[in-house]
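Asker: The following block contains the structure, expressed as structure tokens.
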Amino acid sequence: MHVAIPLYPRFTALDAVGPYTVLAFAPGWRVTFVAAEPGPVTDDRGSLSLAATASYDDVPDPDVIVVPGGPGTFDALADEALLGWIRRAHGRTSWTTSVCSGSLLLGAAGLLDGLRATTHWAALELLREYGAEPASERTVVQGKVVTAAGVSAGIDMALTLLARATDEETAQTVQLAIEYDPRPPFDAGSPRTAPAGLADRALRLIV
């Protein structure tokens, strides 16, 4: 299985690296970072770059695509090179997936009309603009389209994908290999459970 993860300026690193780590550990799977042109692409903090080793044209028909999100998503919504690649690749993928606001790019490419989908809690209602039904869930599977909520949910999405594309034992083996056993010190990972007033402070960190 060949996985392609498109990179664009100001993507969120964990959106890409979380699923990359899960899927790159899977036996028989390989992952390629792609961009408009090969080379480094800088994340939303401006201090980390990942190298795209191939262009969109170099990888026209991956088995899986994983579209990350981030503050740069909103500029990328006008990037027809990226949207066109997503649209064309989706026609031949086994699985088309996104993390965080990457689902808005799936929507802008015309792939979410009539589907349930999720994204970061701050952008959830924006999915309606693309004909999707927002779902406040960690991972949403709709046929071959799989969307994940914000950032860290990409790891859950990738494990869900791996279980469906192979089997649960393979996914569990990878989960154990990367020791994905999250036990956060605070119950503040969702607006539903975070202390009052924290959502506004959190939003100031990501816009």
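Residues 1 to 207 in the UniProt record's numbering are what the sequence shown spells out, letter by letter.
Virtual Cβ for every residue (Gly too), placed ideally from N, Cα, C.
#1: Quick check on F33: does DSSP put it in helix, strand or coil?
#2: Within its chain, find whatever has a CB closer than 6 angstroms to the CB of R10; leave out the 5 residues flanking it on each side and keep chain order.
#3: Would you report the Cα separation of T53 and P27, rounded to the nearest angstrom?
#4: Do V146 and D15 have their CB atoms nearer than 7 angstroms?
#5: Can you grab the Cα-Cα spacing for the pair W85 / L48, in whole Å?
#6: Assess, as a yes-or-no matter, whether the stretch 185 to 199 is touched by the stretch 162 to 171 under the definition of 3 or more beta carbon pairs within less than 8 angstroms.
#7: What number of angstroms, rounded off, separates the C-alpha of P195 from the C-alpha of P38?
#8: Do you know how far the Cα of S101 is from the Cα of A123?
#9: Using alpha carbons as the reference points, say which of T93, E137, W95 and R87 lies closest to L105.
#10: Could you give the first and the last residue of the continuous beta strand (DSSP E) run that contains V17?
Answerer: The structure says:
#1: strand
#2: These residues qualify, in order along the chain: D44, G70, P71 and G72.
#3: 21 angstroms
#4: no
#5: 24 angstroms
#6: no
#7: 43 angstroms
#8: The alpha-carbon atoms of A123 and S101 are separated by roughly 7 angstroms.
#9: If you compare the alpha carbons of T93, E137, W95 and R87 with that of L105, the shortest gap goes to R87.
#10: For V17, there is no enclosing beta strand (DSSP E); the enclosing alpha helix (DSSP H) has its first and last residue at A13 to F25.
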